[in-house]
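4 protein chains.
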Amino acid sequence: MGKGRLEAFSDGVIAILITIMVLELKVPAGGDLADLRPMLPLFIGYVLSFIYLGIYWTNHHHMLHATERVDGRILWANLHLLFWLSLVPFVTNWMGDHFTPLPVAAYGIVLMLAGLAYYILVRSIIRTGQNRELAAAVGRDMKSVASICLYAVAIALAFVSRWISAGIYVLVAMMWLVPDRRIESRVGRD
Amino acid sequence: MGKGRLEAFSDGVIAILITIMVLELKVPAGGDLADLRPMLPLFIGYVLSFIYLGIYWTNHHHMLHATERVDGRILWANLHLLFWLSLVPFVTNWMGDHFTPLPVAAYGIVLMLAGLAYYILVRSIIRTGQNRELAAAVGRDMKSVASICLYAVAIALAFVSRWISAGIYVLVAMMWLVPDRRIESRVGRD
Amino acid sequence: MGKGRLEAFSDGVIAILITIMVLELKVPAGGDLADLRPMLPLFIGYVLSFIYLGIYWTNHHHMLHATERVDGRILWANLHLLFWLSLVPFVTNWMGDHFTPLPVAAYGIVLMLAGLAYYILVRSIIRTGQNRELAAAVGRDMKSVASICLYAVAIALAFVSRWISAGIYVLVAMMWLVPDRRIESRVGRD
Amino acid sequence: MGKGRLEAFSDGVIAILITIMVLELKVPAGGDLADLRPMLPLFIGYVLSFIYLGIYWTNHHHMLHATERVDGRILWANLHLLFWLSLVPFVTNWMGDHFTPLPVAAYGIVLMLAGLAYYILVRSIIRTGQNRELAAAVGRDMKSVASICLYAVAIALAFVSRWISAGIYVLVAMMWLVPDRRIESRVGRD
Numbered sequence: 001m002g003k004g005r006l007e008a009f010s011d012g013v014i015a016i017l018i019t020i021m022v023l024e025l026k027v028p029a030g031g032d033l034a035d036l037r038p039m040l041p042l043f044i045g046y047v048l049s050f051i052y053l054g055i056y057w058t059n060h061h062h063m064l065h066a067t068e069r070v071d072g073r074i075l076w077a078n079l080h081l082l083f084w085l086s087l088v089p090f091v092t093n094w095m096g097d098h099f100t101p102l103p104v105a106a107y108g109i110v111l112m113l114a115g116l117a118y119y120i121l122v123r124s125i126i127r128t129g130q131n132r133e134l135a136a137a138v139g140r141d142m143k144s145v146a147s148i149c150l151y152a153v154a155i156a157l158a159f160v161s162r163w164i165s166a167g168i169y170v171l172v173a174m175m176w177l178v179p180d181r182r183i184e185s186r187v188g189r190d
Numbered sequence: 191m192g193k194g195r196l197e198a199f200s201d202g203v204i205a206i207l208i209t210i211m212v213l214e215l216k217v218p219a220g221g222d223l224a225d226l227r228p229m230l231p232l233f234i235g236y237v238l239s240f241i242y243l244g245i246y247w248t249n250h251h252h253m254l255h256a257t258e259r260v261d262g263r264i265l266w267a268n269l270h271l272l273f274w275l276s277l278v279p280f281v282t283n284w285m286g287d288h289f290t291p292l293p294v295a296a297y298g299i300v301l302m303l304a305g306l307a308y309y310i311l312v313r314s315i316i317r318t319g320q321n322r323e324l325a326a327a328v329g330r331d332m333k334s335v336a337s338i339c340l341y342a343v344a345i346a347l348a349f350v351s352r353w354i355s356a357g358i359y360v361l362v363a364m365m366w367l368v369p370d371r372r373i374e375s376r377v378g379r380d
Numbered sequence: 381m382g383k384g385r386l387e388a389f390s391d392g393v394i395a396i397l398i399t400i401m402v403l404e405l406k407v408p409a410g411g412d413l414a415d416l417r418p419m420l421p422l423f424i425g426y427v428l429s430f431i432y433l434g435i436y437w438t439n440h441h442h443m444l445h446a447t448e449r450v451d452g453r454i455l456w457a458n459l460h461l462l463f464w465l466s467l468v469p470f471v472t473n474w475m476g477d478h479f480t481p482l483p484v485a486a487y488g489i490v491l492m493l494a495g496l497a498y499y500i501l502v503r504s505i506i507r508t509g510q511n512r513e514l515a516a517a518v519g520r521d522m523k524s525v526a527s528i529c530l531y532a533v534a535i536a537l538a539f540v541s542r543w544i545s546a547g548i549y550v551l552v553a554m555m556w557l558v559p560d561r562r563i564e565s566r567v568g569r570d
Numbered sequence: 571m572g573k574g575r576l577e578a579f580s581d582g583v584i585a586i587l588i589t590i591m592v593l594e595l596k597v598p599a600g601g602d603l604a605d606l607r608p609m610l611p612l613f614i615g616y617v618l619s620f621i622y623l624g625i626y627w628t629n630h631h632h633m634l635h636a637t638e639r640v641d642g643r644i645l646w647a648n649l650h651l652l653f654w655l656s657l658v659p660f661v662t663n664w665m666g667d668h669f670t671p672l673p674v675a676a677y678g679i680v681l682m683l684a685g686l687a688y689y690i691l692v693r694s695i696i697r698t699g700q701n702r703e704l705a706a707a708v709g710r711d712m713k714s715v716a717s718i719c720l721y722a723v724a725i726a727l728a729f730v731s732r733w734i735s736a737g738i739y740v741l742v743a744m745m746w747l748v749p750d751r752r753i754e755s756r757v758g759r760d
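Written out as structure tokens, the structure reads:
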């Protein structure tokens, strides 16, 4: 079965998620700088979540580029990933409006479950025995595992210091912003 | 006529429906666990409807994978299906906010009419004489017919017990989550 | 220049328009039948506009199916059509909330300008000298011209009787629901 | 790596942006002409932003048409462009509701940063050494640089006269509405 619609559907969902977040940036009550200031936390959250969704989209792109066939299991592993990503706007807005321990932890929980879903999706693709992925996947999994551990730490620390948790979220994003060179080159050598 | 745009358009509509539901998950008034609790019914409804739309998307994917040509009748049978699916967010939100007999029945009515529209779409495709579908369709129709009957039962029972109805909706979703192996293998043998 | 992205972009915009209308169907205040009744006019308007957007999508599909090349003029004629279609949810909601002369006329004005934009788009495609379209276009234009005249009549009559205007909108939709057999068969013969 | 998903994702995001702006056109409180009048500034802003997003879409279309390969750098340069475009609905609504210096300047800032992001994207594509672009790009860059300068002027003048700034925004849109004939013909000669 072709991967065309899987890509198209995922592109659609991520494109919508990345843009509906902006709907929460309500029109300020007035036209002065003071009217813009209360939006700052939400705006920073928007930028961070935009980057996260951008990372998922580009990595999804890389991953499927090296995939030929998809089956029912992969379709559902992908829908599972999209489910957790679909909650990103909700937790972004909650954290933006209430920068308190629980919303900060909730943001990490959704990111962690999205990371886990991505890990499951990678495994589902590897299971189909498309060899060129196998070697590369080891490296990629390391990064996934590290991210999931960092999210877990950030979730726990949210109840100690929200700022450290927020810092970890930024750190993980930075870690992924660097494109996965090894995989690109490995796939290129095949 | 090619099926490319039919797939792209359906992917777009389902991707939007699956994501706009999350817009109803309003940002909680505060940052405590107590602020999250009133959202629980709506969240459960969101998960169920996400799964239903995911089922429709994957089955739509399987069905069209084995289809070569589309005509005006198929385009409209597909739009008819999308119309009922487009009401899923509305009834999900209504049931989530008011877990009373009528909204629970309304959820079932929309699912039943979507199921019926899917059945009509399958028949429209079979009519074009694309043989590989014919044999497989019998099995699929059985499942469609069973679902439609179960929805009808759930709608009637909503006025007796909302919980039994809700249970039936979960049951039908489970029934469809299992991918249609017979069709996949039949198509594979062609 | 290929037509792929023109189709994909138009599919995206129409898919979004057809689904965001449903966002205006606000969750009823209660769970009884009485809570559903005030939504009836808006719901009927939603069905009508869904059909209109479906008609534009299927005709757009047919038209571009018989087109090979697109240029800058066609891209903008298409954006012009999408602009008027993008106002359909707005006028649908206005007419649904206020079934008075002006909103009913406004609905007709948007449909008329969309019809005019479609006519201009057809002409832009014919201008590129893709012959197979030329012959077929005459028939299609007749229908376009008739629609535009009927819209004009409905707009004027909105200030006499809103019901006659609404009836004309339903009539024009019916007129277009029948797929353009002549063009399909002409293209088929090429 | 193919450009298919880059195009599909960009089409999706721009299609959503162009249509969610219309969600801000709230249903008027009544059915009279007087109820429509307060919406006029927002409606004019909607038309201008629709044209701007249309310009970005068509130019994106032209640019990628002459591009064969994309890499990670191009993916992120494109996401950067989409980020600034995603803020267009927000600043459009702000300017529409409050036609005062700051919102008018904010509109220009977002347009300027989008223009800059587009310039960076063009440079990222040229860097990959796809020659046919190189020659054409010089002409296109001139227009990009001129736009960015005009935006800077408009931002500064917003605090002197909002009307001059608004006039400059219209002027730049007009400047881009004319399709980039030179590039089209150059690419055609390759």
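Chains as they are written, first to last, in my numbering: chain A, 1 to 190; chain B, 191 to 380; chain C, 381 to 570; chain D, 571 to 760. The C-beta atom is built at its ideal place from N, Cα and C for all residues, glycine as well.
Cβ-Cβ separation, residue j to residue i (assumed contact under 8 angstroms), whole Å
i: A:Ala154; j: A:Tyr52; result: Not confirmed; about 13 angstroms, so no contact.
i: D:Val680; j: D:Trp654; result: 6 angstroms
i: C:Tyr531; j: C:Met555; result: Wrong, their Cβ atoms sit about 12 angstroms apart, outside the cutoff.
i: C:Gly392; j: B:Gly194; result: Not really, about 14 angstroms apart at Cβ, beyond 8 angstroms.
i: D:Ala675; j: D:Ala716; result: Not quite, the Cβ-Cβ distance comes to about 19 angstroms (not below 8 angstroms), so this is no contact.
i: C:Gly476; j: C:Pro421; result: 5 angstroms
Reference residue i, options the options, closest by Cα
i: B:Asp225; options: A:Pro38, A:Asp35, A:Pro103 and A:Gly54; result: A:Pro103
i: D:Trp664; options: D:Trp627, D:Phe620 and D:Glu594; result: D:Glu594
i: C:Val402; options: C:Arg385, C:Tyr531, C:Thr472 and C:Leu493; result: C:Thr472
i: D:Ile586; options: D:Leu652, D:Ser714 and D:Val597; result: D:Leu652
i: B:Ile407; options: B:Trp353, B:Ser334 and B:Ala346; result: The requested residue 407 of chain B is not part of the displayed model; chain B covers only 191 to 380.
i: A:Glu68; options: A:Arg127, A:Ala156, A:Pro89 and A:Trp163; result: A:Arg127
i: D:Val658; options: D:Val640, D:Gly678 and D:Ile644; result: D:Gly678
i: C:His442; options: B:Ser200, B:Ser314 and B:Leu196; result: B:Leu196
i: B:Ser276; options: B:Val260, B:Phe240, B:Lys216 and B:Leu254; result: B:Phe240
i: B:Val260; options: B:Arg352, B:Ile204 and B:Ser314; result: B:Ser314
i: D:Phe660; options: A:Ser10, A:Lys26 and A:Leu64; result: A:Lys26
Backbone CA spacing between residue i and residue j [nearest angstrom]
i: C:Ser545; j: C:Ile398; result: 22 angstroms
i: B:Leu367; j: B:Ile338; result: 16 angstroms
i: D:Trp627; j: B:Met332; result: 46 angstroms
i: B:Leu238; j: B:Val360; result: 7 angstroms
i: C:Ile548; j: D:Phe613; result: 27 angstroms
i: A:Ala156; j: C:Asn458; result: 52 angstroms
i: B:Ile210; j: A:Leu121; result: 24 angstroms
i: D:Tyr689; j: D:His668; result: 30 angstroms
i: B:Gly192; j: C:Arg542; result: 41 angstroms
i: B:Ile264; j: A:Leu33; result: 54 angstroms
i: A:Met39; j: B:Gly235; result: 30 angstroms
i: D:Ile584; j: A:Gly115; result: 27 angstroms
i: C:Ser390; j: C:Leu444; result: 11 angstroms
i: C:Arg417; j: A:Val160; result: 51 angstroms
Distance CB(residue i)-CB(residue j) smaller than 8 angstroms
i: B:Thr290; j: C:Gly452; result: no
i: C:Ala388; j: B:Ala198; result: yes
i: A:Ala117; j: A:His80; result: yes
Residue i Cβ short of 7 angstroms to the ligand SAM heavy atom set
i: B:Ile338; result: Ligands displayed in this structure: none; no statement on the ligand SAM is therefore possible.
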